[in-house]
Amino acid sequence: MGHVEDASDACLFLRLGGRPNLERIVYELYDLMRFDSLLGPQFERFARTDTTFMRLKIRTVDFLEWLLGGPYVYDGPDLFVAHASMHIDNLSYTQMMKLYQQVLVEIDDIDELSKQELLQVLEAQRGPVVDPYKEFEREHEERWQRLKEEREIREKKLGKKKFKSFETRILEQERAKGSPPAQDFLEVMARTAGVSDVSLHRPASVRQVASPPLASGEVPRRTKHKKTTRPHSAENCVTVDFTPCADEVPMPPPLQQPVVLLFG
Numbered sequence: 001m002g003h004v005e006d007a008s009d010a011c012l013f014l015r016l017g018g019r020p021n022l023e024r025i026v027y028e029l030y031d032l033m034r035f036d037s038l039l040g041p042q043f044e045r046f047a048r049t050d051t052t053f054m055r056l057k058i059r060t061v062d063f064l065e066w067l068l069g070g071p072y073v074y075d076g077p078d079l080f081v082a083h084a085s086m087h088i089d090n091l092s093y094t095q096m097m098k099l100y101q102q103v104l105v106e107i108d109d110i111d112e113l114s115k116q117e118l119l120q121v122l123e124a125q126r127g128p129v130v131d132p133y134k135e136f137e138r139e140h141e142e143r144w145q146r147l148k149e150e151r152e153i154r155e156k157k158l159g160k161k162k163f164k165s166f167e168t169r170i171l172e173q174e175r176a177k178g179s180p181p182a183q184d185f186l187e188v189m190a191r192t193a194g195v196s197d198v199s200l201h202r203p204a205s206v207r208q209v210a211s212p213p214l215a216s217g218e219v220p221r222r223t224k225h226k227k228t229t230r231p232h233s234a235e236n237c238v239t240v241d242f243t244p245c246a247d248e249v250p251m252p253p254p255l256q257q258p259v260v261l262l263f264g
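Number 219 in the UniProt record's numbering belongs to position 219 of the sequence shown; there are no gaps in the numbering.
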């Protein structure tokens, strides 16, 4: 399939009478095909409504105008792709060509030479529409396979970019500067802000608090917590404070006796 390049062929669109005559030929052809015993049932599958049927007529005129040297620039799919799902066989295409001849016989303002040239151009499109030897199907699959392989090679060469989090990038920048290793992102931000004690800026729930000192001579012992099935209450639940501590809030003085939490 391709746009005709020869000068005489390029004039065929005008010698046929331009788009008005081309519309007349195509519209009458499709009306005959729709009521044909062989071709009619096929339109029930892909052009059932009047709107779809009319769109099919218009697109066919657009394609033929481009193919015969007219000013229209066709930008739709090629013939094989457009007809692959219709499964048109040789018998159906031959019947369509007979109906083309029937339509052209009724048109008197087109000379016989131009009519024969038009039939030759239409017959040349049998290959991509019918594809009896599956050559267009193989070419189509090979083209898509090449595109797929090129995309895989391009992705393998470039690789998939993995975006790092903001915290990870900050820690890597600190290590690149030769700064002392930081415990986590909070410590890096505290250094940037000029804060010496980063523990004051951690939530109370994660801040590490030193254990109270033991009395002299006392041996630390492990407190065993008994499992209980009683519902939770205010008396046996420990409330965790998530409010960040301010710099000016003093830490409580260390207790002199070990604290034992009773849960029941």
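Every residue gets a Cβ at the ideal spot worked out from N, C-alpha and C, and that includes glycine.
Query: Simplified DSSP state of Ser114, which is helix, strand or coil; Result: helix
Query: Proximity winner among Glu65, His140, Met97 and Ile25, relative to Ala82 (alpha-carbon distances); Result: His140
Query: Contact the region 36 to 54 vs the region 129 to 143: 3+ CB pairs below 8 angstroms; Result: no
Query: Pairwise C-alpha distance: Gly69 and Tyr30; Result: 22 angstroms
Query: Simplified DSSP state of Leu99, which is helix, strand or coil; Result: helix
Query: Touching by the beta-carbon criterion (3+ pairs, under 8 angstroms), the region 89 to 107 and the region 43 to 51; Result: no
Query: Selected residue, minimal CA-CA separation from Leu14, among Val26, Arg175, Ile107 and Pro71; Result: Pro71
Query: Start-to-end residues for the alpha helix (DSSP H) that takes in Ala84; Result: First-last for Ala84: undefined, no H or E at that position.
Query: Nearest-angstrom Cα separation, counted from Gln125 out to Leu16; Result: 19 angstroms
Query: For Leu16, three-class secondary structure by DSSP; Result: coil
Query: Whole-number beta carbon distance between Leu99 and Leu12, since they are thought to touch under 8 angstroms; Result: About 20 angstroms separates the two Cβ atoms, so there is no contact after all.
Query: 8 angstroms Cβ cutoff met for Tyr74 and Asp89; Result: no
Query: Secondary structure of Tyr93, DSSP reduced to three states; Result: helix
Query: CA nearest to the CA of Leu119, picked from Pro128, Leu171, Met97 and Glu142; Result: Met97
Query: Residue span of the alpha helix (DSSP H) that contains Glu150, given as start and end; Result: Glu135 to Leu158
Query: Beta-carbon proximity check, Ile25 vs Val103, cutoff 8 angstroms; Result: yes
Query: Classification of Glu149 by the beta-carbon crowding that lies within 10 angstroms, buried from 16 upward; Result: exposed
Query: Spatial distance of Gln145 from Arg151 (CA atoms); Result: 10 angstroms
Query: Beta-carbon proximity check, Val121 vs Leu67, cutoff 8 angstroms; Result: yes
Query: Straight-line Cα distance separating Glu117 from Asp111; Result: 10 angstroms
Query: Which of helix, strand or coil DSSP assigns to Arg24; Result: helix
Query: Nearest to Gln42 (by Cα), restricted to the options Ser85, Leu158 and Phe80; Result: Ser85
Query: Identity of the residue in Phe35, Glu65, Leu79 and Leu38 nearest Glu137 by Cα; Result: Leu79
Query: CB of Arg59 within 8 angstroms of CB of Gly40, strictly; Result: no
Query: Extent of the continuous alpha helix (DSSP H) to which Thr60 belongs; Result: Asp50 to Leu67
Query: Inter-residue spacing [alpha-carbon to alpha-carbon] between Cys237 and Leu171; Result: The predicted model places Cys237 with a pLDDT of 47, which falls under 50 and marks its position as unreliable, so this point remains unresolved.
Query: Neighbour-count burial assignment, Glu142, 16 or more Cβ in a 10 Å radius; Result: exposed
Query: Leu113 beta carbon less than 8 angstroms from that of Leu64; Result: no
Query: Where Val157 falls, given that 16 or more other Cβ within 10 Å makes a residue buried; Result: Per the sequence shown, the amino acid found at residue 157 is Lys instead of Val. It counts as exposed.
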